[in-house]
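Residue numbers (the UniProt record's numbering): 1 to 372.
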């Protein structure tokens, strides 16, 4: 059986922007027969996330993800439908998810690595399991639950950087649901600001490219900042931290402005900002959602409930073409949007579904690829 796959063709270098030529599409032979315990799966959706930039390096700089190897198939979160099964837990037609899914049209996988997904939880929108009802949603929800310390009725203000991205857009909504009285997002275009306030319920949004972030924060957060959901790092985060209250909390979700730089994760704060953090007893702890796997099931059920109740808004765009995903991932996610997927150093996530992929130039809430 001939299948298409995407492999890593070259590395961009630790401080370089990826380019389309870093990936290539090729055809390979898949065995005609599967072994006991295996399943043959047709790929439906693949996700592309900012952390993948680190996997393009020889050394990822972290202890929990490994680098992609040259001329080997790349992988990430994926969803597919089983076409043949020799595993006791799966039958033909089951939908399954795996977070190391090879980027190819069909794949033979060990059934023990897979989990079934229930389309009813997402009203049939399977791709949501890679987004709002999947890892980005869990990251936002569990991050806020574990590190945000929201107390309903206490008049807390949350600021979200990368606010139009997959995690940021969800974090702002979840902050409101859980009791924040005010949520302010930071993003990089007027369209994104309107999207946050008119569609997602943010109280205000700051266009960091056109507005003075420090001045806008003072105006929009007159009582200071109690919770900061940080997707960005860098100058924007330094500005937010300088306006945080005593004993406030930073949820360290990502540092996308630093992903194309050879720095440790999380990168240290500048001395003056670190002095403010210590003086005000602001918590800033590394957060890794994979450390909370025991909360995944309840988290997915909670996110699904909010989605069905209309409390959690989800936006997706899809584009066909597995052969296009490498180029679009590089050019749009890392160059046009400078290390993340949008004009500023944060946001955007792509999704792929076998032969489709999602590209949202204005609203980076969810990108997808889809295989026919």
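Don't be surprised by glycine CBs; every beta carbon is placed ideally from N, CA and C.
Can you give me the start and stop residues for the beta strand (DSSP E) that residue i sits inside?
| i | result |
| --- | --- |
| residue 249 | 244-252 |
| residue 101 | 95-102 |
| residue 79 | 75-85 |
| residue 58 | It is not in any beta strand (DSSP E) - residue 58 carries neither H nor E in the DSSP assignment. |
| residue 285 | 283-286 |
Pull up the DSSP beta-bridge partners for residue i, would you.
| i | result |
| --- | --- |
| residue 185 | 160, 205 |
| residue 7 | 24, 73 |
| residue 225 | 244 |
| residue 230 | 252 |
| residue 313 | DSSP output for residue 313 lists no bridge partner at all. |
| residue 2 | 29 |
| residue 115 | 97 |
At what residues does the alpha helix (DSSP H) containing residue i begin and finish?
| i | result |
| --- | --- |
| residue 191 | 190-198 |
| residue 134 | First-last for residue 134: undefined, no H or E at that position. |
| residue 174 | 166-178 |
| residue 297 | 296-308 |
For residue i, count neighbouring Cβ atoms within 10 angstroms of its own Cβ and tell me buried if that reaches 16, exposed if not.
| i | result |
| --- | --- |
| residue 205 | buried |
| residue 293 | exposed |
| residue 52 | buried |
| residue 147 | buried |
| residue 333 | Legend: pLDDT at residue 333 = 41, less than 50; position of this residue unreliable, value from coordinates given subsequently. Per the 10 Å Cβ criterion, buried. |
| residue 64 | exposed |
| residue 105 | buried |
| residue 1 | exposed |
| residue 100 | exposed |
| residue 374 | Nothing can be reported for residue 374: it is not among the residues displayed for the chain, which extend from 1 to 372. |
| residue 43 | buried |
| residue 120 | exposed |
| residue 257 | The predicted position of residue 257 is uncertain, since its pLDDT is 48 and thus under 50; a value taken from the coordinates is nonetheless stated next. Residue 257 comes out buried. |
| residue 28 | exposed |
| residue 249 | buried |
| residue 253 | buried |
| residue 69 | exposed |
| residue 222 | exposed |
| residue 284 | buried |
| residue 173 | buried |
| residue 272 | exposed |
| residue 62 | exposed |
| residue 91 | exposed |
| residue 5 | buried |
My output table needs one value for residue i: the three-state DSSP class, helix, strand or coil.
| i | result |
| --- | --- |
| residue 45 | strand |
| residue 273 | helix |
| residue 39 | strand |
| residue 108 | strand |
| residue 373 | The structure shown does not extend to residue 373, since the chain spans only 1 to 372, so no value can be given for it. |
| residue 235 | helix |
| residue 211 | coil |
| residue 88 | coil |
| residue 53 | helix |
| residue 280 | coil |
| residue 16 | coil |
| residue 128 | helix |
| residue 292 | helix |
| residue 65 | coil |
| residue 153 | coil |
Is residue i near the ligand NAD, judged by its Cβ being under 7 Å from some heavy atom?
| i | result |
| --- | --- |
| residue 35 | The ligand NAD is not among the ligands present in this structure, which contains no ligands whatsoever. |
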